[in-house]
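Comments concern the structure below.
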Amino acid sequence: MKKLVLATLCGIASAQAFSAEASEDRMQFLESQLKQIQAELEQQKAAQLALKNQQEEAKAQDSKTLSSMVDNVDVYGLIRFDGAVDFKSTTEARGRTINQINKVPFTEPDSTRSDFTAAASRIGFLAKDLGGNPNVSARLEADFWTNNGKGDGGLRIRHAHLKYYNWTFGQAWSLMSTPEISTEAVDYSLLLGGSVLRTPQVSYAFKLDPENTWNVGLEYMAGGDRSSALPALTTKYVHQSGPLHLLAQGFVNQKQAQTDTGDIEKVGWGVGLGGRYHLNDQNSIQGNYFHMVGDQRIAAFLTQGSTTDGAAWGGDYSVDPINNELLLNEFNSLNIGFTHKFTPKLRSSINASVVDFDDSSDYARANPETNKRLTDYVANVIYSPVPKVNLGAEYHHGKRETFDNREADVSRVNLSATYSF
Numbered sequence: 065m066k067k068l069v070l071a072t073l074c075g076i077a078s079a080q081a082f083s084a085e086a087s088e089d090r091m092q093f094l095e096s097q098l099k100q101i102q103a104e105l106e107q108q109k110a111a112q113l114a115l116k117n118q119q120e121e122a123k124a125q126d127s128k129t130l131s132s133m134v135d136n137v138d139v140y141g142l143i144r145f146d147g148a149v150d151f152k153s154t155t156e157a158r159g160r161t162i163n164q165i166n167k168v169p170f171t172e173p174d175s176t177r178s179d180f181t182a183a184a185s186r187i188g189f190l191a192k193d194l195g196g197n198p199n200v201s202a203r204l205e206a207d208f209w210t211n212n213g214k215g216d217g218g219l220r221i222r223h224a225h226l227k228y229y230n231w232t233f234g235q236a237w238s239l240m241s242t243p244e245i246s247t248e249a250v251d252y253s254l255l256l257g258g259s260v261l262r263t264p265q266v267s268y269a270f271k272l273d274p275e276n277t278w279n280v281g282l283e284y285m286a287g288g289d290r291s292s293a294l295p296a297l298t299t300k301y302v303h304q305s306g307p308l309h310l311l312a313q314g315f316v317n318q319k320q321a322q323t324d325t326g327d328i329e330k331v332g333w334g335v336g337l338g339g340r341y342h343l344n345d346q347n348s349i350q351g352n353y354f355h356m357v358g359d360q361r362i363a364a365f366l367t368q369g370s371t372t373d374g375a376a377w378g379g380d381y382s383v384d385p386i387n388n389e390l391l392l393n394e395f396n397s398l399n400i401g402f403t404h405k406f407t408p409k410l411r412s413s414i415n416a417s418v419v420d421f422d423d424s425s426d427y428a429r430a431n432p433e434t435n436k437r438l439t440d441y442v443a444n445v446i447y448s449p450v451p452k453v454n455l456g457a458e459y460h461h462g463k464r465e466t467f468d469n470r471e472a473d474v475s476r477v478n479l480s481a482t483y484s485f
């Protein structure tokens, strides 16, 4: 009996020992599985975290890039509403009532005409620090003055150029232009005898010292019916010191007429001098002078047709078919203005402009119906009730005279309301 009990107890103990060993193995197995699952979860969590970090970095980079683009691009423009009352009906048919003194009709009966437009409004974009380089920038500027300002909604490119250090590539102010020294005007088309020409060009600015810059460029001055085998060579010297701003300009340009018998060529050229001097904080005088041979596109409001051959070469020249040569038109222009600031909000300017065409030239003898003299006298007042807002009124009194002694008068009031941003 004792043996039976002892054997039973031994069997039970052996079973318990086996069961304990099995449980321990299972626990070890389960523990290893749990560790494996934990490791996989950690790996998955790490992968998700890495993906999240990548996404956040990409988002931050995109945001930084967009922010950088926005920070580096200046948006600017001008909302402009122009009006005019013409007392002499001096505008060509369907043309805007602006400064078109070079085309004033002789036979139009005197009558009052008004005109209003917003087509001179413009917008521009200046991208700075391109590629992180402060010496590289690009500008795009346009207005709505298409089709002679008819207000049909079309855009006209004013500026579209890249500046790389001292280089300029694209359409920009011609080196013969004078906007920086022009008398402030209410008429969007500015004043007779000045220059606001913008041309496709490649130019370079030599910074001689802080006060002096010498610019040299190749400019495409053909445009329209004009043609040229080569671009014009232009130059502009600028001096700025304190209240004084001086310009000296010049160009050489090949003039080319394409006729049935072949091309006829001749060299046109011109020089200019101008400046502005601030007498004090309230007063300044400014003006410019041009002498040009064979080009009327540079100075404002001079373009006209030649009557000898009926060609629309802008009055730069006409063709002498007998001698097979170009007869170049020649003129001198002078523009002088004075500006006075009554208060920080109120200022006024007066300006006198005269353009004299050479009446002894072969061109004058061959084209008696073209302009001999243009004069324009201007007085304006501009009020700025708040910053960036200007309200202006301006009176023009002028005359057009031709080589064959015909005359036409100009009498016009221009009005404007502008907001710049």
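To convert, count from 1 in the sequence shown and add 64; that's this note's numbering. Backbone N, C-alpha and C define an ideal beta-carbon position, used for all residues, glycine too.
Tyr-268 and Ala-312 have their C-alpha atoms some 16 angstroms from each other. DSSP places Tyr-427 inside the alpha helix (DSSP H), whose first and last residues are 426-430.
Of all alpha-carbon atoms in Asn-469, Met-356, Val-316, Asn-454, the one lying nearest the alpha-carbon of Asp-146 is that of Asn-454. For the set Leu-390, Val-200, Ser-185, the Cα lying nearest the Cα of Ser-484 is the one of Ser-185. Asp-426 places its beta carbon less than 9 angstroms from that of Asp-384. Within its own chain, the residues whose Cβ lies closer than 6 angstroms to the Cβ of Tyr-459, once the five positions on either side in sequence are excluded, are Ala-443, Val-477, listed in chain order. Shown here for Arg-220: same chain residues with a beta carbon closer than 8 angstroms to its own, the five before and five after excluded, namely Ala-206, Asp-207, Phe-208, Trp-209, Thr-210 in chain order. Under the DSSP assignment, Asp-440 falls in the beta strand (DSSP E) whose first and last residues are 435-447. Excluding sequence positions up to five before and after Leu-194, its CB lies within less than 7 angstroms of the CB of Val-200, Ser-201, Ala-202, all in the same chain and listed in chain order. For Val-419 against Leu-438, the beta-carbon gap comes to about 4 angstroms, under 8 angstroms, which counts as contact. In the same chain as Asn-388, and ignoring 5 residues on each side of it, the C-beta atoms closer than 8 angstroms to its own belong to Thr-325, Ile-328, in chain order. As the crow flies, the alpha-carbon of Ala-430 is around 36 angstroms from that of Gln-350.
The alpha-carbon separation between Ile-165 and Ser-253 amounts to approximately 11 angstroms. The beta-bridge partner set that DSSP reports for Thr-466 consists of Asn-435.
With the rule of 3 Cβ pairs closer than 8 angstroms, the stretch 243-251 does not count as touching the stretch 261-281. DSSP places Gln-304 in the strand class (E or B) of the three-state scheme. Between Asn-399 and Leu-256, the C-beta gap is smaller than 9 angstroms, which places the two residues in contact. In the same chain as Ile-446, and ignoring 5 residues on each side of it, the C-beta atoms closer than 6 angstroms to its own belong to Arg-411, Asn-454, Gly-456, in chain order. Contact between Lys-319 and Gly-358 holds: CB atoms are separated by about 5 angstroms, below the 8 angstroms threshold. In the DSSP assignment, Pro-169 falls outside any beta strand (DSSP E), carrying neither H nor E. At a Cβ-Cβ threshold of 9 angstroms, Pro-307 and Tyr-353 do not count as neighbours. When DSSP states are grouped into helix, strand and coil, Arg-220 belongs to the strand group. For Leu-310, the CB contacts under 6 angstroms within the same chain, skipping 5 residues up- and downstream, are His-303, Gly-339 in chain order. For Gln-265, the three-state secondary structure derived from DSSP is strand. Per DSSP, the unbroken beta strand (DSSP E) holding Gln-235 starts and ends at 231-237.
When the Cα atoms are used, Thr-232 and Tyr-140 turn out to be separated by approximately 20 angstroms. Contact between Ala-472 and Phe-170 holds, since their C-beta atoms are separated by about 5 angstroms, short of 8 angstroms.
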